[in-house]
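Participant:
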C-alpha cells in the first residue's frame, strides 16, 4: 500500500465507502437468505457436493494462493504455530472437501416440526425449524474455516458473510471461489456465501453493528482477543465462548485408574483446544490415596503441574501455583491442581474461576454426580468422562461452528441444528377469538 | 423533589450512586438465582400460593397505594386510558391473585430432558432445561405486571429485577411486598424478586447495560417508545417485539363468511393488542366478490377503512390510504386495505411492511397456504384463523411475559418454557477421547 492509499483508508471518506460496501454485502445476503429459506434439502446437498468437487479440482489454485499467504507471513517473521495453522497441503484440502461432504450427509434441520399440538378450539399448532437468516463469521488464520463455516451455514439454510484474517486472504478467497462455483452449479445464488473483499478492520466493525439489521448472528472463530472484541462490540447476538477454563473434580470414592486415564486425557490429548482441562480439583478425602498418583501421571505425560501446598508435597517436580493459575486458560501442557474440601468447595471453586464451558466429575458417588450436574452452571457437564468430549462431532451432532457458553439459543456445541430458528404454523377452519 | 435534590440526582455523584445501587441488586439477584436453580417445583409453587394469598390478604394496602398513584396521575392531568391501565380495584386484585395461582399450576420446565441420546462409545448425553438466570423486566403503568412477571420468572427458576413505570411506583411496591412475603414464607430468598427502589431513569440504563454481567435477558413491557429504547440501548439479549403490524391476506378461493368473521375479529375484538390486524390484503381474483362485503363488514363493526383505489370504489365511506398507512400499527379501530395481485404480491407486501409478528392467510387453497407458511418470515403464521390468537394463553402455553419477534431463543409467545436455557449432562464410565 502506498502512503497515499494508507492516508485514504484512514479518511472519513474511506470509512463511508467501507460502510456502504459492507451494507451492500448485507443486503445481498438478505436476498440470498430469502431464497435459501425455501430451497429443498436436495438442492443444498447438490451445491455442497459440487463445492467439494471444486475444492479438489482447483487444488493447484488453492496451493498457489496459500503460497502467497505463507510467503507474506514468513516475510513478516510470523511464528511457527501460526504458519502451521495457515498452511494448506493436499491432505488438508482433501480433508476440507471431505468435511463439506460430511456436512451434506447430515440431516437437514429446516422444516422439522419441533413440537405440535391441538387446541380445544380445533386450532393445530406446529413449531417448525427455519433458518436463522444471515450469519457473519469472523475468523483468523485457518483458511479451512472458509469451507467449514460456509458449508454449515448453507446446510441450515442461512446466508453467510465470511471475514477471514488478513493473513489468510488469498487462501480464503481461493476456497471461497470454489464454494461459489458449487452454489452456482446447483442454481443457488452465489451471494449465499460472500467473503468480505477488503482486509480493512473497519469492515469487522460494520459487521458487528449488524449491517443495517441484515446480520442475525455473529460467530467469531479464533483466539481470545478476537472473541473479546466481538463480544464487547457486537450489537447482534454472538455465538461464542471467550475461554474454556475446564475443571476436573475427583470426588471420593473414585476409581484411581479411571481418574488417571480421564485426567491425563482431558489435559494432554490436545492441550490447545477449548475442552482441554486447565484445573484439577481433588477431594480432601482422596489426598492421601489419589493425589500423588494423579500428579505423577500428569508429570510423566509431560505436563507441568502447579499446585497448592498439598500438591507440592506430593512430588518435588510440582511448582507452586500462584493465585492467577486458578482460572487460567493455559492452552498448553500445564495444569493447576488444588485439594478442595468436598463437593461444596469444588462447586464454589468452579463458580469463582470457571468460564461456564465444560466441567467433569470423576466419582463412584452417584448422588455427588447428580448434585454436581444440578448445581454447576456450565454448558457441558460430564461424569466419569474426559472434558475433551466437548465437541459437536463427539456429541454426534456432526460438524460444529464452535462451542457457545451463552445462555440464550445456542449453548454447547453449535452444529447445524443450532444455526436455526423456528416459527409457528397455526392451522384453523375459521376460528375467531372469543 | 426540592431543587437541591434535583441538582443532586443530575450530578455525577448521583449517577455513581445509582450504578452502585443497581449493581447491588444484580449481585443479590445472582445469588438468589443460584438458590432458585436447585429449588424443587413444590417449593416454588408453595411460594406462588403464598403470594396469591398475600395479594388477597393485603388488598386494602394495595388499593391505598394505588390511590396515591391515581391521585398523582390525575394531578398531572393524565389521560383516561392511562388511568384505566393504572387503576387497581378488588376485581383486578383477585384476577392478579388467580393469575399467580394459574402460573403455579403450570408444569415446571426446569429439569425437563429435552433430548437424550447414546454415543457408540457408551456416553449418554442429555440436554436438560435450566433456568435462564436473572431477568430484568422494565414496564410501564400496569401494576399487575409486577405480579405476572414476578410469578412467571420464579416458576422458571429465575431471579427477576422489576422496574415499574414511575407512575405506578406505589402500587407496584405494594404488590412486590406481597411477592416477597410469599417467597419468604416458603423459605426462598426475598431477593428472588426485587424491585428497583428508585424512579430515576438512570436505573433503567444500568439494567440495559446488564449490571456487570448479572442480568441475562431484558424484557420490556410497554409501548413502542419503551421497547425502542430498550432494543437500541440494551447490551444484553431482549425478548420483545417493537410492533405488531399484523396482516390478513384473503386468497382465492376463500369462503366469504369465514373471511368476514376472521377479518372483523382480527381487527375489532380488541384493537389495542399486538395481535390485532392492521392491514387487510385482498387477492385481485376476489376483488369483485369479496372486497365490498369485507369492507362493509368492517365499516359496520365501527372500523375506519383506509383503502387503495379499488377499495375506495367499493364503499363511499372508505377514506384514501396514504403511503404511511401501510405498515402502520394503528392500535385503534382503523385498518388499511389493499388489493394485491396474488400470493406473490401479498408476500412481497408483508415482507416490505410487516414486523415479523403475526400474519394470517384466509383461503381454501392448501398449496397457497403452504407457500405462505414457508415464505413469510414471521414468528406466527395462521391459516383460516384470527390473528388475535397470537397469545401464549391461546397457544395453551399458559401465561406469557410477552411476544417476541427476535430470531434467537424466544420467538412468538414468551411463556415459562421460553424463560429457560439448557445444559448438557454427559454420563460415562471412564471414557477418554482417542
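Chains as they are written, first to last, in the UniProt record's numbering: chain A, 1 to 434; chain B, 1 to 434. Don't be surprised by glycine CBs; every beta carbon is placed ideally from N, CA and C.
Give me, in chain order, the residues of the same chain whose beta-carbon lies closer than 7 Å to that of residue 1 (chain B); leave out the 5 immediate sequence neighbours on both sides.
Facilitator: Residue placement at residue 1 (chain B) is poorly supported in this model, since its pLDDT is 43, which falls under 50; the coordinates are not used for a value here.
Participant: With a CB to CB cut of under 8 Å and the five nearest residues on each side skipped, what residues in its chain are close to residue 235 (chain B)?
Facilitator: So the list reads 208, 209, 210, once near-sequence residues are dropped.
Participant: Between the stretch 111-121 of chain B and the stretch 403-416 of chain B, do at least 3 Cβ pairs fall closer than 8 Å?
Facilitator: no
Participant: Would you call the stretch 125-132 of chain A and the stretch 149-168 of chain A in contact, with 3 or more CB pairs under 8 Å?
Facilitator: Per the Cβ contact rule, the stretch 125-132 of chain A is in contact with the stretch 149-168 of chain A (3 or more Cβ pairs under 8 Å).
Participant: For residue 70 (chain A), which residues of its own chain have a beta-carbon under 8 Å away from its beta-carbon, when the five flanking residues on both sides are left out?
Facilitator: Excluding positions up to five away in sequence, the list reads 83, 86, 87.
Participant: I'd like to know whether the C-beta of residue 160 (chain B) is nearer than 9 Å to at least one C-beta of chain A.
Facilitator: It does not: the Cβ of residue 160 (chain B) has no partner Cβ on chain A nearer than 9 Å.
Participant: Quick one, are the C-beta atoms of residue 285 (chain A) and residue 263 (chain A) less than 9 Å apart?
Facilitator: no
Participant: Measure the beta-carbon distance from residue 281 (chain A) to residue 338 (chain A) and round it to whole angstroms, keeping in mind my assumption that it falls under 8 Å.
Facilitator: Between residue 281 (chain A) and residue 338 (chain A) a beta carbon distance of about 6 Å is seen, short of the 8 Å cut, so the two are scored as contacting.
Participant: So residue 194 (chain A) packs on residue 28 (chain A), CB below 8 Å; how close in whole Å?
Facilitator: 7 Å
Participant: To which residues of the same chain is residue 212 (chain B) closer than 7 Å at the C-beta, ignoring the five residues directly before and after it?
Facilitator: 23, 26
Participant: Scan the stretch 394-412 of chain B for residues whose Cβ lies nearer than 9 Å to a Cβ of chain A and list them as they occur along the chain.
Facilitator: 394, 395, 396, 406, 407, 408, 409, 410, 411, 412
Participant: Please name the residue, chosen from A:416, A:174, A:422, A:434, that lies closest to residue 106 (chain A) on a Cα-to-Cα basis.
Facilitator: Nearest C-alpha to residue 106 (chain A): A:416.
Participant: Would you list the residues sitting across from residue 195 (chain A) in a DSSP beta bridge?
Facilitator: A:162
Participant: Mind checking who residue 115 (chain A) pairs with in its DSSP beta bridge?
Facilitator: A:127
Participant: Could you give the C-beta distance for residue 314 (chain A) and residue 298 (chain A), rounded to a whole number, given that I count them as a contact under 8 Å?
Facilitator: Actually they are not in contact, since the Cβ atoms of residue 314 (chain A) and residue 298 (chain A) sit about 11 Å apart, beyond 8 Å.
Participant: Are the C-beta of residue 112 (chain A) and some C-beta of chain B separated by less than 9 Å?
Facilitator: So, not an interface residue.
Participant: Can you tell me the Cα-Cα spacing of residue 332 (chain B) and residue 303 (chain B), whole angstroms?
Facilitator: 9 Å
Participant: Compare the beta carbon distance of residue 404 (chain A) and residue 239 (chain A) with 9 Å and say whether it is the shorter of the two.
Facilitator: yes
Participant: Comparing alpha-carbon positions, which option in A:204, A:196, A:168, A:146 lies nearest residue 178 (chain A)?
Facilitator: A:146
Participant: Could you work out which residue in B:250, B:246, B:268 is closest to residue 275 (chain B) when comparing CA atoms only?
Facilitator: B:246
Participant: Would you mind working out which of B:250, B:357, B:41, B:257 sits nearest residue 341 (chain B), comparing C-alpha positions?
Facilitator: Across the set B:250, B:357, B:41, B:257, the C-alpha of B:250 shows the shortest separation from the C-alpha of residue 341 (chain B).
Participant: For the beta strand (DSSP E) that contains residue 338 (chain B), what are its first and last residues?
Facilitator: For residue 338 (chain B), the enclosing beta strand (DSSP E) begins and ends at 334-340.
Participant: Under 9 Å, Cβ to Cβ, is there at least one residue of chain B near residue 78 (chain A)?
Facilitator: no
Participant: Can you list, in chain order, the residues of its chain with a C-beta nearer than 8 Å to that of residue 368 (chain B)? Leave out the 5 residues immediately preceding and following it.
Facilitator: 251, 343, 361
Participant: Any chance the stretch 217-225 of chain A sits against the stretch 131-142 of chain A, with 3 or more Cβ pairs inside 8 Å?
Facilitator: yes
Participant: Below 7 Å CB to CB, which residues in the same chain sit around residue 356 (chain B) once its five sequence neighbours on both sides are set aside?
Facilitator: 377, 378, 379, 405
Participant: Using 10 angstroms around the beta-carbon of residue 330 (chain A), count the other beta-carbons present and answer buried if the total reaches 16, otherwise exposed.
Facilitator: buried
Participant: Rounding to the nearest angstrom, what Cα-Cα distance links residue 384 (chain B) and residue 311 (chain B) in this structure?
Facilitator: 22 Å
Participant: So residue 265 (chain A) is in the alpha helix (DSSP H); what residue range does that whole segment cover?
Facilitator: 256-268
Participant: Taking the alpha helix (DSSP H) that residue 106 (chain A) falls in, what are its first and last residues?
Facilitator: No alpha helix (DSSP H) contains residue 106 (chain A), which DSSP labels as neither H nor E.
Participant: Would you identify the three-state DSSP class for residue 317 (chain B), choosing helix, strand or coil?
Facilitator: coil
Participant: Can you pull the chain B residues whose beta carbon is under 7 Å from the beta carbon of residue 432 (chain A), in chain order?
Facilitator: 261, 262, 265, 386
Participant: Does any C-beta atom of chain A lie closer than 9 Å to the C-beta of residue 130 (chain B)?
Facilitator: Interface residue, yes.
Participant: Which residues in the same chain as residue 307 (chain B) place their Cβ atom closer than 6 Å to its Cβ, once the five residues preceding and following it in sequence are excluded?
Facilitator: 318, 321, 337
Participant: Nearest chain B C-beta to residue 220 (chain A) closer than 9 Å, yes or no?
Facilitator: no
Participant: Between residue 217 (chain A) and chain B, is any beta-carbon pair separated by less than 9 Å?
Facilitator: yes
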